[in-house]
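A quick write-up on the structure given underneath.
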Amino acid sequence: MNGRTGSFFGTVLGRVTMYRLVTLSLGTLAIYAFVLSLFGQVFYKPLELLATLATLLAVGYLTNRLFGALFQVQPHSESSVITSLLLFFILWPTSEPTALAWIALAATVASTSKYLLAIRGRHVLNPAAIAALVMSVLASYVTLPGVSPSVWWVANPWLLPGVVILGGLVLIRTKRLTMALVFIVLSWALVTVRLVTGGQELGPALLAPLTSYPILFLAAFMLTEPLTLPPRRWQQLAEAAIVAVLFSIPFTLGQVASTPELALIVGNVLAFAVARRRGMRLTLEGTRALTPTAVEYRFSSKRSIPFAAGQYLELSLPHRGVDVRGSRRVFSISSPPDDDRTIRVAMRVPERASSFKRALNALPVGASLSATGVWGDFVLPKDASKPILLIAAGIGITPFVSQLSRLHLRADKRDVALVYVVSDPQELAYAAELETWGTPVLVVGPTDDVRLPDGWRGLGSGRLDHERLAEAVPDLAEREVFISGPPAMIEALKPALRGIGVGHVRTDAFSGY
Numbered sequence: 000m001n002g003r004t005g006s007f008f009g010t011v012l013g014r015v016t017m018y019r020l021v022t023l024s025l026g027t028l029a030i031y032a033f034v035l036s037l038f039g040q041v042f043y044k045p046l047e048l049l050a051t052l053a054t055l056l057a058v059g060y061l062t063n064r065l066f067g068a069l070f071q072v073q074p075h076s077e078s079s080v081i082t083s084l085l086l087f088f089i090l091w092p093t094s095e096p097t098a099l100a101w102i103a104l105a106a107t108v109a110s111t112s113k114y115l116l117a118i119r120g121r122h123v124l125n126p127a128a129i130a131a132l133v134m135s136v137l138a139s140y141v142t143l144p145g146v147s148p149s150v151w152w153v154a155n156p157w158l159l160p161g162v163v164i165l166g167g168l169v170l171i172r173t174k175r176l177t178m179a180l181v182f183i184v185l186s187w188a189l190v191t192v193r194l195v196t197g198g199q200e201l202g203p204a205l206l207a208p209l210t211s212y213p214i215l216f217l218a219a220f221m222l223t224e225p226l227t228l229p230p231r232r233w234q235q236l237a238e239a240a241i242v243a244v245l246f247s248i249p250f251t252l253g254q255v256a257s258t259p260e261l262a263l264i265v266g267n268v269l270a271f272a273v274a275r276r277r278g279m280r281l282t283l284e285g286t287r288a289l290t291p292t293a294v295e296y297r298f299s300s301k302r303s304i305p306f307a308a309g310q311y312l313e314l315s316l317p318h319r320g321v322d323v324r325g326s327r328r329v330f331s332i333s334s335p336p337d338d339d340r341t342i343r344v345a346m347r348v349p350e351r352a353s354s355f356k357r358a359l360n361a362l363p364v365g366a367s368l369s370a371t372g373v374w375g376d377f378v379l380p381k382d383a384s385k386p387i388l389l390i391a392a393g394i395g396i397t398p399f400v401s402q403l404s405r406l407h408l409r410a411d412k413r414d415v416a417l418v419y420v421v422s423d424p425q426e427l428a429y430a431a432e433l434e435t436w437g438t439p440v441l442v443v444g445p446t447d448d449v450r451l452p453d454g455w456r457g458l459g460s461g462r463l464d465h466e467r468l469a470e471a472v473p474d475l476a477e478r479e480v481f482i483s484g485p486p487a488m489i490e491a492l493k494p495a496l497r498g499i500g501v502g503h504v505r506t507d508a509f510s511g512y
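The numbers in the sequence shown follow numbering that gives the first Met the number 0, run straight up by one, and end at 512.
Structure follows, in structure tokens:
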């Protein structure tokens with residue numbers, strides 16, 4: 000992917016929340032399946048697909064609302080739609096009344112799991128996977144007509160292009176492509192070996208894992224489901240490898256035979272056991288204006304919230320008139336981890352703000368909202384001798400504020416330089432703090448008529464590229480580089496920096512800003 004293409008995807012996809020993109024992708028894939036059914040390329044008839052999907056959506060939505068009321072929790076309607084669409088591609092489509100009752104039961108099980116199999120607001124198991132597993136186990140004891148286990152009919156050669164394109168967009172947006180590739184490559188290799196050793200010719204054996212097994216669908220839409228993921232990258236890659244092995248090699252767990260959903264659930268359990276993920280209730284303590292367009296929100300928590308400087312959390316704020324960006328958003332934490340009961344986040348609030356930002360801005364002091372967890376590997380290296388260059392654009396400064404604040408509190412004197420890109424000097428958020436910490440700052444922006452603090456230097460206006468950066472930071476190739484800002488800037492700078500010899504470049508894209 001070249002820089003221009005990468006910038007396009009990052010900018011366009013960043014305007015849509017992850018949940019909305021998954022909903023749109025699965026919905027588009029369902030429409031594609033209906034078209035294929037009309038032409039006989041899918042085994043199931045259009046009426047069977049329509050009846051199954053309608054049942055899942057209706058029952059999933061209603062039971063989600065019901066359990067939300069019972070548990071006094073604001074239900075996330077889009078989550079129920081996603082789960083229903085996943086089950087649509089996993090369960091046996093039907094139009095028979097008895098079998099549709101079975102489909103309705105599956106939707107109910109999925110909704111139940113979101114409330115009963117959750118700890119502090121976090122899912123332990125993927126809801127669609129646990130519903131499919133429960134139905135497969137029950138099917139072995141129920142002999143009613145139309146009752147069947149999961150079939151994963153999405154593993155169809157004609158559906159494969161749709162899964163690849165739509166699933167690829169989801170993985171690019173969620174930045175889980177590497178995790179998905181670990182699962183895909185390992186599963187493909189193990190299944191191929193198993194088929195060849197079982198007597199199948201090499202050519203068909205190489206193709207079968209992609210056309211007859213739900214490897215790509217599972218990787219794009221279920222394995223990378225955020226509420227069941229561990230927070231660190233190495234943990235996510237380990238989970239992908241474990242699930243791939245369990246997916247590819249037949250096994251039994253008691254009376255239960257191996258299935259894709261069982262492999263995923265085992266991975267979910269292991270991930271939950273090692274990651275100590277938790278949901279959180281946050282109370283708004285106050286706000287302050289950082290710049291004419293940026294606001295900082297300060298929250299408190301009754302429980303400690305362990306995080307590393309540079310990580311981010313997801314806030315959930317159900318509200319009326321939810322727009323295309325949804326009711327959940329991720330934000331980098333700007334406070335240092337030394338005080339783990341105080342969480343600060345900052346964001347731009349433009350005139351035409353999203354419904355989420357408008358709802359957050361309208362919250363009174365003392366109001367509470369939930370956060371689903373902490374994630375991310377955008378953390379400074381433990382080796383204090385390694386020189387570091389931080390590059391921030393606009394509100395992309397927030398993870399660096401957490402990191403620099405922590406270094407200041409711990410009197411860590413490591414070599415850190417900061418390049419700060421702004422469109423206007425008034426948009427230099429946290430300028431007073433950066434001056435207090437003594438951080439050398441190179442400002443890219445119109446600063447000719449502005450008095451900069453001691454130790455700061457203006458680089459003038461214009462686009463920041465690798466040549467300009469190398470001139471301003473002579474030892475650039477020796478530094479580990481961290482970039483936080485819009486996807487367009489990251490996609491342009493990252494490959495260019497590597498091309499001039501910068502070995503380590505870590506990025507944190509602020510999509511949609």
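Idealized CB from N, CA, C, for every residue including glycine.
Buried or exposed (CB count within 10 angstroms, at least 16 for buried), residue i
i              : result
asparagine 1   : Its pLDDT being 40, under 50, asparagine 1 is placed unreliably in this model, and the value from its coordinates should be taken loosely. Counting Cβ neighbours within 10 Å, asparagine 1 comes out exposed, since fewer than 16 surround it.
isoleucine 342 : buried
tyrosine 419   : buried
lysine 381     : exposed
alanine 179    : buried
tryptophan 233 : exposed
alanine 491    : buried
tyrosine 429   : buried
proline 363    : exposed
glutamine 71   : exposed
alanine 270    : buried
serine 460     : exposed
serine 303     : exposed
alanine 272    : exposed
tyrosine 311   : buried
glycine 202    : exposed
valine 501     : buried
asparagine 63  : buried
Of the listed residues the options, nearest to residue i (C-alpha basis)
i              : options                        : result
serine 367     : Val373, Val415, Leu314, Asp338 : Leu314
proline 291    : Glu260, Phe298, Arg347, Phe246 : Arg347
arginine 462   : Phe87, Thr506, Met488          : Met488
threonine 223  : Gly484, Ser422, Ala243, Gly500 : Ala243
tyrosine 114   : Gly197, Thr177, Ser79          : Ser79
alanine 154    : Ala130, Pro213, Ser186         : Pro213
proline 534    : Val190, Thr251, Asp507         : Since the first residue of the chain shown is 0 and the last is 512, residue 534 is not available in this structure.
alanine 53     : Ala410, Val41, Trp455, Ile30   : Ile30
glycine 484    : Pro398, Ala392, Glu426         : Ala392
threonine 51   : Leu85, Pro259, Phe399          : Leu85
aspartate 376  : Pro439, Pro317, Ala508, Val265 : Ala508
isoleucine 264 : Ser139, Ala100, Leu28, Leu124  : Leu124
alanine 379    : Arg357, Thr506, Ala361         : It should be pointed out that residue 379 corresponds to leucine in this sequence rather than to alanine. Cα-wise, what sits closest to leucine 379 is Thr506.
glycine 437    : Leu427, Gly454, Asp337, Ser422 : Gly454
leucine 137    : Lys356, Ala105, Ser422, Gly167 : Ala105
valine 169     : Ser333, Ala358, Lys412, Leu23  : Leu23
valine 329     : Asp322, Pro349, Lys356         : Lys356
Chain-order list of residues whose beta-carbon lies under 6 Å from that of residue i (same chain, five-residue window excluded)
i             : result
leucine 458   : Leu441, Val443, Ala471
histidine 503 : Glu479
alanine 218   : Ala179, Phe182, Ile183
tyrosine 296  : Thr286, Val344
glutamate 434 : Pro452
alanine 103   : Thr54, Val58
Residues of its chain near residue i, where Cβ-Cβ distance is below 7 Å and the 5 sequence neighbours each way are ignored
i             : result
proline 305   : Asp339
glutamate 477 : Pro386
proline 335   : Ala308, Ser401, Ser404, Arg405, Leu408
glycine 26    : Leu84
proline 259   : Trp151, Pro213, Leu217, Phe246
proline 424   : Gly444, Pro445, Thr446, Val449
threonine 82  : Gly59, Ala109, Pro126, Ala127
proline 349   : Thr292
Bridge-paired residues (DSSP) for residue i
i              : result
leucine 185    : Note: leucine 185 sits in no beta bridge, so no partner.
glutamate 426  : Per DSSP, none; premise fails for glutamate 426.
serine 369     : Arg280, Ser315
aspartate 507  : Ser483
glycine 285    : Arg297
threonine 341  : Ser299
tryptophan 374 : Tyr311
Chain-order list of residues whose beta-carbon lies under 8 Å from that of residue i (same chain, five-residue window excluded)
i                : result
isoleucine 499   : His465, Ala469, Leu475, Ala476
phenylalanine 33 : Pro45, Leu48, Leu49
valine 163       : Leu215
threonine 210    : Ala154, Asn155, Pro156, Leu159
Open item on the list: I'd like the ranges of any alpha helix (DSSP H) spanning at least 4 consecutive residues and lying wholly in the stretch 392-443.
Closed with: 397-408, 430-436
Task: alpha helix (DSSP H) runs wholly inside the stretch 25-110, at least 4 long, in chain order - done: 45-69, 76-89
Open item on the list: Which complete alpha helix (DSSP H) runs does the stretch 456-482 hold, if anything under 4 residues is left out?
Closed with: 465-471
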